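Reading the sequence shown from the start, the letters are residues 1 to 509 in UniProt numbering. From the three backbone atoms N, C-alpha and C, an ideal C-beta is built for every residue, glycine too. Just so it is clear, the structure is predicted and the values come from calculations on it, not from any experiment.
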Amino acid sequence: MYKQHTALKRELLLGRTRSEQKKAKKLKPQDEKTGRTAASRPIYWKQVSVKHREKFKQLLKVWESDPESITMVNDNVVCFAEEFAIGWGSRSTEVYICLGTDGIERAIKRLPKHLCKKFLKNERDILNSPNAVKSPRIVNYCSYDDTSNPDFGYLIVSLCEQNLEEFIKEEVERITESCAREMIRQVLEGLKALHAKEPRILHRDLKPTNILVDVKGNLLLSDFGIAYKFPKQGATTYLTSDEGETHGWVPQECIDWVGLYSDKIRKPSDAPIHFRWKEKSDIQVAGMVAFYIVTKGKHPFGPRIDQLKNLHDDNPVGLSKLSDHVVEDLLSQMLGRDLDERPYVEQALKHPFFLSFEEQMKFVQAVVNEPKFINYASEHRISLLPTDWKRVFGHEDLNTLCRGGHRSPSEYNGSRYTDCLRLIGNTCQHPDGKLRQLKKKTPATSSLEHYFLQLFPTLPLVLHQIIREDPKWKTLPALKEFFPVIDRRKRPIQTKAYTMYQIREFHNV
Ligand SMILES: Nc1ncnc2c1ncn2[C@@H]1O[C@H](COP(=O)(O)OP(=O)(O)OP(=O)(O)O)[C@@H](O)[C@H]1O
Ligand SMILES: [Mg+2]
Numbered sequence: 001m002y003k004q005h006t007a008l009k010r011e012l013l014l015g016r017t018r019s020e021q022k023k024a025k026k027l028k029p030q031d032e033k034t035g036r037t038a039a040s041r042p043i044y045w046k047q048v049s050v051k052h053r054e055k056f057k058q059l060l061k062v063w064e065s066d067p068e069s070i071t072m073v074n075d076n077v078v079c080f081a082e083e084f085a086i087g088w089g090s091r092s093t094e095v096y097i098c099l100g101t102d103g104i105e106r107a108i109k110r111l112p113k114h115l116c117k118k119f120l121k122n123e124r125d126i127l128n129s130p131n132a133v134k135s136p137r138i139v140n141y142c143s144y145d146d147t148s149n150p151d152f153g154y155l156i157v158s159l160c161e162q163n164l165e166e167f168i169k170e171e172v173e174r175i176t177e178s179c180a181r182e183m184i185r186q187v188l189e190g191l192k193a194l195h196a197k198e199p200r201i202l203h204r205d206l207k208p209t210n211i212l213v214d215v216k217g218n219l220l221l222s223d224f225g226i227a228y229k230f231p232k233q234g235a236t237t238y239l240t241s242d243e244g245e246t247h248g249w250v251p252q253e254c255i256d257w258v259g260l261y262s263d264k265i266r267k268p269s270d271a272p273i274h275f276r277w278k279e280k281s282d283i284q285v286a287g288m289v290a291f292y293i294v295t296k297g298k299h300p301f302g303p304r305i306d307q308l309k310n311l312h313d314d315n316p317v318g319l320s321k322l323s324d325h326v327v328e329d330l331l332s333q334m335l336g337r338d339l340d341e342r343p344y345v346e347q348a349l350k351h352p353f354f355l356s357f358e359e360q361m362k363f364v365q366a367v368v369n370e371p372k373f374i375n376y377a378s379e380h381r382i383s384l385l386p387t388d389w390k391r392v393f394g395h396e397d398l399n400t401l402c403r404g405g406h407r408s409p410s411e412y413n414g415s416r417y418t419d420c421l422r423l424i425g426n427t428c429q430h431p432d433g434k435l436r437q438l439k440k441k442t443p444a445t446s447s448l449e450h451y452f453l454q455l456f457p458t459l460p461l462v463l464h465q466i467i468r469e470d471p472k473w474k475t476l477p478a479l480k481e482f483f484p485v486i487d488r489r490k491r492p493i494q495t496k497a498y499t500m501y502q503i504r505e506f507h508n509v
């Protein structure tokens with residue numbers, strides 16, 4: 001082990017003495033055009049990336065054999081040659097691997113100078129803002145340089161393995177349902193970091209190639225070139241004349257439909273069109289990305305040729321093909337045209353799709369404990385459960401569930417679902433070793449919650465659908481936790497310092 005380590009170190013040190021390294025560090029990096037470098041070699045290479053490891057090995061070799069082709073950018077070693085490129089974007093963006101002199105692997109994004117001011121600087125500012133810096137779901141900013149080269153500007157960020165589009169193509173077989181759920185959760189957590197705290201940020205360019213996957217398989221939001229930070233608290237809309245960037249990943253309300261349906265060419269003298277970008281615009285595109293993840297590469301509005309038309313007609317054709325009704329329900333909310341129907345990101349993350357078995361049953365319990373709701377459901381004959389729910393349990397399990405309770409199996413009415421909900425509620429509150437007994441029949445059952453959800457998988461979803469339709473249920477104290485009320489217009493309460501005189505006057509003293 002020790003031998004291996006020292007051999008590696010020797011290789012990485014590339015035969016430099018300490019004084020040589022110190023001397024090299026003092027030398028100034030030169031610009032990309034001349035391509036000459038005179039900076040120190042990394043004293044240690046912390047190998048993290050698997051996918052790009054060969055490229056880094058190659059980079060070190062080139063540095064040794066052809067130092068002239070190496071450029072230093074903010075203490076990062078880079079060779080702007082095709083073999084070190086890992087990504088390309090529109091607007092002539094090129095992304096390369098680079099190695100910091102601190103031995104850390106990074107990615108460097110290079111943009112022609114005339115685009116730096118608009119996109120690269122904006123991206124730097126967004127990545128540097130508190131919401132992005134604090135979140136593990138947003139790519140990490142490292143440094144920026146728009147002075148060392150007359151032609152290009154650079155943005156250096158943490159390195160990822162690939163983008164979501166590449167990941168899905170390569171890992172298609174390995175993406176299980178629960179893996180897809182976790183991926184969608186991570187995308188929404190990234191959005192939550194941007195949307196939920198002041199100063200709030202709109203991403204405005206979500207799409208599979210702008211979501212990166214790190215070496216551990218975690219998803220991170222990236223490419224903040226056209227993102228927008230609200231300059232003041234309480235603002236909810238960004239009025240812009242820019243249409244969204246990429247075909248297929250633009251929200252319904254940000255497309256110039258009049259222009260698309262007209263055969264007239266717009267003249268520069270025509271009044272500019274204004275699009276209203278809102279958080280919920282990001283949400284609709286996040287819904288498209290989520291669909292792309294669950295279907296491993298498909299678009300909810302159909303094949304490319306039909307996408308615009310279906311988006312215009314509020315017709316997410318792909319949804320009905322989903323076999324999981326829980327994710328279908330979430331995406332139908334996120335993808336809908338009506339902004340009021342679309343959830344805020346915090347609300348989306350509370351959808352049953354993201355809740356664990358325990359959380360789902362906690363939700364069911366909270367509903368069951370609201371007698372007003374149960375009466376309402378039975379008065380309106382809402383079918384929450386199968387009418388012969390006793391048969392679903394089976395004779396033996398019913399005996400187990402009723403053990404120690406006040407009622408025997410025969411006292412429960414098989415056609416009244418309120419009876420079933422009560423039985424579920426009582427069992428979860430007084431488990432008394434019942435799980436062991438129930439597991440005899442279904443050994444894979446991991447908990448009582450899991451047991452009930454296997455038998456009645458749509459119960460949390462149906463309850464969720466009924467409750468969210470009506471504000472009176474959502475605000476019941478026990479249910480608030482599952483239906484967060486969001487009002488972005490609200491400003492934080494100003495704490496004002498009062499004088500003793502004002503306090504006296506207020507109390508009429
Ligand atoms: N930190 C990174 N680690 C690994 N790959 C990256 C990284 N940043 C970017 N890439 C790759 O480079 C591609 C282009 O980068 P980016 O999306 O930032 O450029 P862009 O020109 O702004 O893109 P667009 O075409 O969306 O406008 C990404 O899709 C991704 O594949
Ligand atoms: Mg991009």
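Straight-line measurement puts the Cα of Asn122 at about 15 Å from the Cα of Arg200. Around the Cβ of Glu328, a 10 Å sphere holds 16 or more other Cβ atoms; the residue is buried. Ligand 2 never approaches Gly153 closely enough for any of its heavy atoms to be under 7 Å from the residue's Cβ. Using a cutoff of 7 Å, the CB of Gly248 does not count as near ligand 2, since none of the ligand's heavy atoms is closer than that. If one requires a minimum length of 4 residues, the alpha helix (DSSP H) runs lying completely within the stretch 376–458 are 389–393, 395–402, 417–429, 434–439, 448–455, in chain order.
A contact is defined here as three or more CB-CB pairs under 8 Å, and the stretch 479–489 meets this definition with respect to the stretch 228–236. Taking a 10 Å sphere around the C-beta of Ile305, we find fewer than 16 other C-beta atoms and assign the residue as exposed.
Counting only beta-carbon distances shorter than 6 Å to the non-hydrogen atoms of ligand 2, the qualifying residues in chain order are Gly89, Thr209, Asn210, Asp223.
Cβ-Cβ separation between Ser148 and Val73: approximately 7 Å, consistent with a contact (criterion under 8 Å).
The criterion of a C-beta distance shorter than 8 Å is not satisfied by Glu346 and Ala193. For Phe80, the CB contacts under 8 Å within the same chain, skipping 5 residues up- and downstream, are Glu32, Thr71, Glu94, Tyr96, Arg110 in chain order. For the pair of segments examined, the stretch 242–256 was found to touch the stretch 276–292: the number of CB pairs separated by less than 8 Å reaches three. From the listed residues Val392, Ile184, Leu476, Phe230, the smallest Cα separation to Pro371 is found for Leu476.
With a threshold of 16 other beta carbon atoms within 10 Å, Thr387 falls short and is exposed.
Secondary structure within the stretch 237–316: the alpha helix (DSSP H) runs of 4 or more consecutive residues, fully enclosed, are 257–261, 279–294, 304–312 (chain order). A check of alpha carbon separations from Arg204 across Val213, Ser323, His464, Leu191 identifies Leu191 as the nearest. Selection His299, Ile184, Val139 evaluated against Phe224 yields Val139 as nearest (Cα-Cα).
Contact check for Leu453 and Phe357: beta-carbon distance about 6 Å, within the 8 Å limit, so the pair qualifies.
The continuous stretches of beta strand (DSSP E) do not include Cys179, which lies in the alpha helix (DSSP H) extending over residues 177–195. A distance criterion of 7 Å places the beta-carbon of Ser158 in contact range of ligand 1, judged by its closest non-hydrogen atom. Ligand 1 has a heavy atom closer than 7 Å to the beta-carbon of Gly87. One alpha carbon belongs to Phe482, the other to Lys57, and they sit about 50 Å apart. At a cut-off of 7 Å, the beta-carbon of Ala107 counts as near ligand 1: some heavy atom of the ligand is closer than that. Residue pairing from DSSP places Glu105 in a beta bridge opposite Leu99.
Remark: C-beta atoms of Phe354 and Arg185 approach each other more closely than 8 Å.
By the beta-carbon neighbour count (other beta carbons within 10 angstroms, threshold 16), Tyr412 is buried. By alpha-carbon distance to Tyr154, the top candidate from Asn210, Asn76, Gly103 is Asn76.
The stretch 288–295 and the stretch 324–343 touch, with three or more beta-carbon pairs separated by less than 8 Å.
Judged by beta-carbon spacing, Glu161 lies within the 8 Å limit of Lys51, meaning their Cβ atoms are closer than that value. Short note on Arg91: C-beta closer than 7 Å to some heavy atom of ligand 1.
Distance from Lys390 to Gly405 at the Cβ level is roughly 15 Å; contact not present, criterion being Cβ atoms closer than 8 Å. The beta carbon of Glu198 is closer than 7 Å to those of Gln233 in its chain, skipping five residues each way along the sequence. For Leu212, the shortest separation between its Cβ and any heavy atom of ligand 1 lies below 7 Å. Remark: the C-beta of Gly225 is in contact range of ligand 1, defined as less than 7 Å to any heavy atom. Beta-bridge partners assigned by DSSP to Gln162: Val213.
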